[in-house]
Amino acid sequence: MEKTGIGSYIASIYGGYERIFKICLEDEGVRVPKSERWHADLLFYAIQKEIVPAALIHTLKGMMSYRHRQVHGYGHSINTKILRESCKDVVETFPAFEEHIHTLIQKQA
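Here my numbering is used: the first residue of the sequence shown is 103, the next is one more, and so on.
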């Protein structure tokens with residue numbers, strides 16, 4: 103039960119990041135076509151367009167992987183200790199991402 107809850111938490115937060123990536127990319131005229139690799143492509147383009155700060159790339163790739171496992175029913179197979187450690191990364195990632203997005207918005211204004 104704990105694994106599923108933590109995995110859902112990570113997947114939900116990453117889903118929010120993806121929505122932000124999509125909005126920012128659309129503002130730049132980039133449309134990511136739906137495919138089996140849609141989530142990976144979205145992150146790739148967000149990195150290329152510097153929507154994702156370099157310091158967060160590793161953590162966001164890990165979150166994307168957890169999201170995939172959770173959505174496709176493999177969340178129960180993830181090591182609980184690793185999930186707990188990842189939660190710390192998720193919590194610590196948000197302020198840096200938020201600051202970066204605010205900076206991007208200010209540049210566009």
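Backbone N, C-alpha and C fix where the C-beta goes; we use that ideal spot for every residue, glycine too.
Span separating the alpha-carbon of Glu200 from that of Trp140: Within the sequence shown, numbered from 1, the residue matching residue 200 stands at position 98. Within the sequence shown, numbered from 1, the residue matching residue 140 stands at position 38. Approximately 23 Å between the Cα atoms of the pair.
Tell me whether Ile207 is buried or exposed, calling it buried when 16 or more other Cβ atoms sit within 10 Å of its Cβ. Taking the first residue of the sequence shown as position 1, residue 207 is located at position 105. Flag for Ile207 reads exposed.
Cut-off 7 Å between Cβ atoms - residues of its own chain near Ile122, not counting five sequence neighbours on either side: In the sequence shown, the residue the question calls residue 122 occupies position 20. Cβ neighbours of Ile122 beyond the five flanking positions: Ile203.
Taking DSSP as the reference, what is the three-state secondary structure of Lys209? Position 107 of the sequence shown, counting from 1, holds the residue named residue 209. Reduced to three states, the DSSP call for Lys209 is helix.
Burial state of Ile125 (16 or more Cβ within 10 Å): Indexing the sequence shown from 1 puts residue 125 at position 23. Burial call: exposed.
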